[in-house]
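Numbering (this note's numbering), first residue to last: 190 to 322.
Spelled out as structure tokens, the structure:
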């Protein structure tokens with residue numbers, strides 16, 4: 190969940206109000222705003238710092254956390270930070286097609302997702318899997 194202020198507006202997000210609260214009062218709005226990932230994207234203050242590489246995973250048929258959360262988050266990262274001259278790390282969005290929130294995913298899709306995540310981590314962290322003989 191990336192947009193804590195609008196989670197209740199989409200699909201079955203109204204159920205999330207019991208878990209996260211809804212921004213139906215000034216106090217709740219401020220609490221949700223303060224930890225909403227979408228609303229807390231800022232350029233680093235220190236000129237020598239950049240955002241880390243980001244990989245966001247979503248599924249195109251997720252009715253619990255609609256993919257629009259991920260789309261908006263990556264778009265906001267790109268808009269706010271991606272064009273900054275110091276930003277070299279990528280912001281990536283991985284969309285699993287014909288999938289939902291998580292249960293019942295075929296093994297082949299789990300393998301694909303795991304491979305993508307491990308490849309991202311390996312590249313981002315500069316891991317070397319060369320076997321020295």
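Using N, Cα and C, we set each Cβ at its ideal position, and we do this for glycine too.
For clarity, every value in this text was computed on a predicted model and none was experimentally measured.
Are residue i and residue j touching if we call contact CB-CB under 7 Å?
i	j	result
residue 221	residue 193	yes
residue 266	residue 309	no
residue 227	residue 260	no
residue 206	residue 214	no
Do you know how far the Cα of residue j is from the Cα of residue i?
i	j	result
residue 280	residue 216	32 Å
residue 218	residue 290	26 Å
residue 276	residue 230	14 Å
residue 318	residue 203	46 Å
residue 322	residue 316	18 Å
residue 255	residue 320	42 Å
residue 305	residue 242	14 Å
residue 232	residue 268	11 Å
residue 201	residue 195	12 Å
Assuming residue i and residue j make a contact with CB atoms under 8 Å, what is their CB distance in whole Å?
i	j	result
residue 199	residue 257	7 Å
residue 288	residue 249	7 Å
residue 239	residue 278	6 Å
residue 246	residue 312	That pair is no contact at about 16 Å.
Is it right to say residue i is buried, meaning 16 or more other beta carbons lie within 10 angstroms of its own, or is it exposed?
i	result
residue 236	exposed
residue 285	buried
residue 297	exposed
residue 292	exposed
residue 270	buried
residue 295	exposed
Original post:
Which full runs of the beta strand (DSSP E) of 3+ residues lie inside the segment 271–318, going along the chain?
Top reply: 280–285
**OP:** Could you pull out every unbroken beta strand (DSSP E) segment of at least 3 residues lying fully inside the segment 203–271, listed in chain order?
**Re:** Those beta strand (DSSP E) runs which fall completely within the segment 203–271 and span 3+ residues are 243–248.
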